[in-house]
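> In the UniProt record's numbering, the protein residues as written are 1 to 176. We put the beta carbon where it would ideally sit given N, CA and C, even for glycine. Here it is, the structure, as structure tokens.
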């Protein structure tokens, strides 16, 4: 599988489908995911080689479409999209809430690459406005380093909240 991905969020579902069709007709990429993330918004994730992904990103930017590319994405990120691995041994975990799916995926990839932590959950389409969350498990120091990395690399406008919870109780872990 190619490891370069482009995430694009559309404020209009109809426009999203039109652009998705245009991309698939004109570029040798695959559609990895198509998801209605809240009323009136669509997320498309394209998978392809680096040069095609970068070219599509330029095209989207020229049309003022919200997009971000992630090159050499960590395979754990792709495996966790809208799935949950129930962790068994948690000493601390970090819950990150973002205003959109693009930021959640970018932050998740950054954290998994930067620190020795496990991505437990990456969920899109939460609530009416399509918020997204990432949940990580790891040592407290690694989670704190990851939090700093997110704050250094994402805009405060993209982050809703980041909380680190030490020694979570069993009932809380079940809720994840």
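1) Whose C-alpha, out of 111, 11, 165 and 166, is nearest the C-alpha of residue 147?
2) Suppose you measure from the CA of residue 1 to the CA of residue 47; what does that come to, to the nearest Å?
3) What three-state label does DSSP hand residue 21 in the structure shown?
4) For the structure I just gave you, are there three or more beta carbon pairs, one from the stretch 50-66 and one from the stretch 105-119, closer than 8 Å?
5) What are the boundary residues of the alpha helix (DSSP H) that residue 80 is part of?
6) From which residue to which residue does the beta strand (DSSP E) around residue 182 run?
7) Count the other CB atoms within 10 Å of the CB of residue 174; is the residue buried (16 or more) or exposed (fewer)?
8) For residue 99, list the residues DSSP reports as bridge partners.
9) Strictly by DSSP, which residues pair up with residue 6?
10) According to DSSP, is residue 167 helix, strand or coil?
According to the structure data:
1) Within the chain shown, residue 147 is the residue found at index 147, counting from 1. Ranking 111, 11, 165 and 166 by Cα distance to residue 147 puts 111 first.
2) The residue given as residue 1 occupies position 1 in the chain shown. The residue given as residue 47 occupies position 47 in the chain shown. Summary for residue 1: the model assigns pLDDT 47, below 50, so the residue's position carries little reliability, and this model does not support an answer.
3) Here residue 21 refers to the residue found at position 21 of the chain shown. Residue 21 falls in the helix class under three-state DSSP.
4) Contact fails: fewer than three Cβ-Cβ distances are below 8 Å.
5) Position 80 of the chain shown, counted from the first residue, corresponds to residue 80. 75-80 is the extent of the alpha helix (DSSP H) around residue 80.
6) Coverage of the chain is limited to positions 1 through 176, which leaves residue 182 absent and any answer about it impossible.
7) What you label residue 174 is simply residue 174 of the chain shown in a count that begins at 1. By the beta-carbon neighbour count (other beta carbons within 10 angstroms, threshold 16), residue 174 is exposed.
8) To locate residue 99, count along the chain shown from 1; it is residue 99. Answer is none; residue 99 lacks a bridge partner.
9) As a working note, residue 6 is residue 6 in the chain shown. Answer by DSSP bridge pairing, in chain order: 46 and 69.
10) As a working note, residue 167 is residue 167 in the chain shown. The answer is coil: DSSP assigns residue 167 none of H, G, I, E or B.
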